[in-house]
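One structure below.
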Amino acid sequence: MLNLIGLPVFIVTLTLMIFRKELKDFLLAFNRIVVVFAVLSLFFWFFGSLLGILKPSGTVVNAWSGGNIVNSYYHLYYETQRISIMGFTFIRNSAFFTEGPMWNLIISLAFIIELFLLEELSKWRLVVILLTAATIFSTTGIYVIGIGFLAHVLLVRKSRFRFLSLLATPALVYALTRVIEDKAASNSATIRMDDYVAGFNAWRNRLITGWGFSGLGSIEYYMNGAIRPNYGYSNSFFVVLAQGGILQGIVQFAPFMALFAPGASTNRTKCAISLYFILMLTTIFYNTMLFNVIAATAYAALINKITLNH
1409 MLNLIGLPVF IVTLTLMIFR KELKDFLLAF NRIVVVFAVL SLFFWFFGSL
1459 LGILKPSGTV VNAWSGGNIV NSYYHLYYET QRISIMGFTF IRNSAFFTEG
1509 PMWNLIISLA FIIELFLLEE LSKWRLVVIL LTAATIFSTT GIYVIGIGFL
1559 AHVLLVRKSR FRFLSLLATP ALVYALTRVI EDKAASNSAT IRMDDYVAGF
1609 NAWRNRLITG WGFSGLGSIE YYMNGAIRPN YGYSNSFFVV LAQGGILQGI
1659 VQFAPFMALF APGASTNRTK CAISLYFILM LTTIFYNTML FNVIAATAYA
1709 ALINKITLNH
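Each residue of the sequence shown is one higher than the one before, starting from 1409 at the first, in this note's numbering.
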């Protein structure tokens, strides 16, 4: 229901912002806010979670994770998850979110905006974003950042180090991914693949119209319960298709596809869209205001492009 009501409102609002040359200011404001919270999360993660110099101010119940008691640092930072890497256990930086992947989504979006959508790149903001991403310990974040830098060097920025970057970036991404994926016995990759299979099967059985707002329930029906501890889902792409079929897919994805047409957008915009689709395929945030704002931004950019051409 949120998508039906929110998307048209956001499209109109963001289109007006583009016409008034305010969209860049909107994106810049978003990144500045994210960086403020990123600095706070790094402070509490380093001096609290890592070094133990700062002590938690209290505890809260994390209903999202089934009622676990987690440490709170003045309700600005929570210790929600731990991860074991090469025999060492670390607390993931999840800021004030209920789990690391949610914070990683925001940080990844800020990275995409900073590198591809803002007129001037701020090295200070970029460094903060990268440091925060490193403390989240997310393979999705590594992929997005690695592919983003590679695309920036090859397609956007003309550099004499392009060939070196072409070799070094994939190697670095692979190495970091292996380190994180070699954490204490986990079948997360198997579960993620099962998510894709279950989502595709749910969509395939109602290809055009989907299952309606019970779409997530239909995906759960096709999940392999023998390999997973719960029925949590990990991507937004197939939720869109399972709930609304091809019709809803057209509504949500058409502006992004149109911006990929020859001459419809710059290489920077195409790179940003590609990285966003990676996030959709690896993170569940459909039916949120953020999902609507991003889709509406694509519509607004497309409307502005069509208007300028006429």
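The beta carbon of each residue, even a glycine, is placed where N, CA and C say it ideally should be. Computed from a predicted structure; not experimentally measured.
Subject >> Beta-ladder partner(s) of Glu-1487, from DSSP >> reply: Asn-1479
Original post:
DSSP three-state call for Ile-1654: helix, strand or coil?
Top reply: helix
Original post:
In whole angstroms, what is the alpha-carbon distance linking Ala-1593 and Ala-1666?
Top reply: Annotation note: pLDDT 42 at Ala-1593 (below 50); position unreliable, coordinate value reported separately. Approximately 42 Å between the Cα atoms of the pair.
Subject >> For Leu-1698 and Ile-1514, the rounded distance between their alpha carbons >> reply: 10 Å
Subject >> Exposure label - Arg-1400; buried when at least 16 CB within 10 Å >> reply: Nothing about residue 1400 can be reported from this structure: the residues present for the chain run from 1409 to 1718 only.
Original post:
Taking contact to mean at least 3 C-beta pairs separated by less than 8 Å, is the segment 1461 to 1473 in contact with the segment 1512 to 1527?
Top reply: When Cβ pairs closer than 8 Å are counted between the two stretches, the segment 1461 to 1473 is seen not to touch the segment 1512 to 1527, the count staying below three.
Subject >> Validate contact between the segment 1440 to 1453 and the segment 1478 to 1487 using beta carbons, cut 8 Å, 3 pairs >> reply: yes
**OP:** Measuring alpha carbon to alpha carbon, tell me which of Val-1552, Leu-1558, Gly-1456 ends up nearest Ser-1516.
**Re:** Val-1552
Original post:
At a cut of 8 Å, does the segment 1655 to 1670 reach the segment 1681 to 1690 through at least three beta carbon pairs?
Top reply: They touch, by the three-pair rule.
Subject >> Length of the line joining the Cα atoms of Arg-1490 and Val-1561 >> reply: 34 Å
Original post:
Which class does Phe-1384 belong to by DSSP, given the choice of helix, strand or coil?
Top reply: Look at the range of the chain in this structure, 1409 to 1718, and you will see that residue 1384 is not part of it.
Original post:
Does DSSP put Asn-1700 in a helix, in a strand, or in coil?
Top reply: When DSSP states are grouped into helix, strand and coil, Asn-1700 belongs to the helix group.
Original post:
Asp-1433: buried (16+ other C-beta within 10 angstroms of its C-beta) or exposed?
Top reply: exposed
**OP:** Indicate the three-state DSSP secondary structure (helix, strand or coil) for Lys-1713 in the structure shown.
**Re:** When DSSP states are grouped into helix, strand and coil, Lys-1713 belongs to the helix group.
Original post:
Under 8 Å, do Thr-1611 and Thr-1543 count as touching if we go by C-beta distance?
Top reply: The residue asked about is misnamed: residue 1611 is Trp in this sequence, not Thr. In this structure, Thr-1543 does not lie closer than 8 Å to Trp-1611 by Cβ.
Original post:
In this structure, does DSSP put Ile-1461 in helix, strand or coil?
Top reply: coil
Original post:
Which of helix, strand or coil does DSSP assign to Ser-1516?
Top reply: Helix.
Original post:
Among the residues of its own chain, which have a CB less than 6 Å from the CB of Asn-1476, if the five just before and after it don't count?
Top reply: Sequence-distant Cβ neighbours of Asn-1476 in its own chain, meaning closer than 6 Å and more than five residues away, are Asn-1470.
**OP:** Please classify Phe-1608: does DSSP put it in a helix, a strand, or coil?
**Re:** In the structure shown, Phe-1608 sits in a helix (DSSP, three-state: H, G or I).
Subject >> 8 Å Cβ cutoff met for Asp-1603 and Tyr-1641 >> reply: yes
**OP:** Put Ile-1493 into one of helix, strand or coil per three-state DSSP.
**Re:** strand
Original post:
Applying the criterion that 16 or more other CB atoms from any shown protein chain within 10 Å of the CB defines a buried residue, is Gly-1474 buried or exposed?
Top reply: exposed
Subject >> For Thr-1506, the first and last residue of its enclosing beta strand (DSSP E) >> reply: Taken as a continuous stretch (DSSP letters only), Thr-1506 belongs to no beta strand (DSSP E), as it is neither H nor E.
**OP:** Taking all protein chains shown into account, decide if Trp-1472 is buried (16 or more other Cβ within 10 angstroms of its Cβ) or exposed.
**Re:** So Trp-1472 counts as exposed.
Original post:
How many Å lie between Leu-1462 and Thr-1547 at the Cα?
Top reply: 28 Å
Original post:
Measuring CB to CB, does Thr-1598 end up less than 8 Å from Leu-1450?
Top reply: No, these two residues do not count as a Cβ contact at 8 Å.
Subject >> Reference Ala-1518; option with closest CA among Ile-1555, Phe-1557, Leu-1435, Ser-1480 >> reply: Leu-1435
Original post:
The alpha helix (DSSP H) spanning Gly-1556 covers which residue range?
Top reply: In this chain, the alpha helix (DSSP H) harbouring Gly-1556 covers 1547 to 1559.
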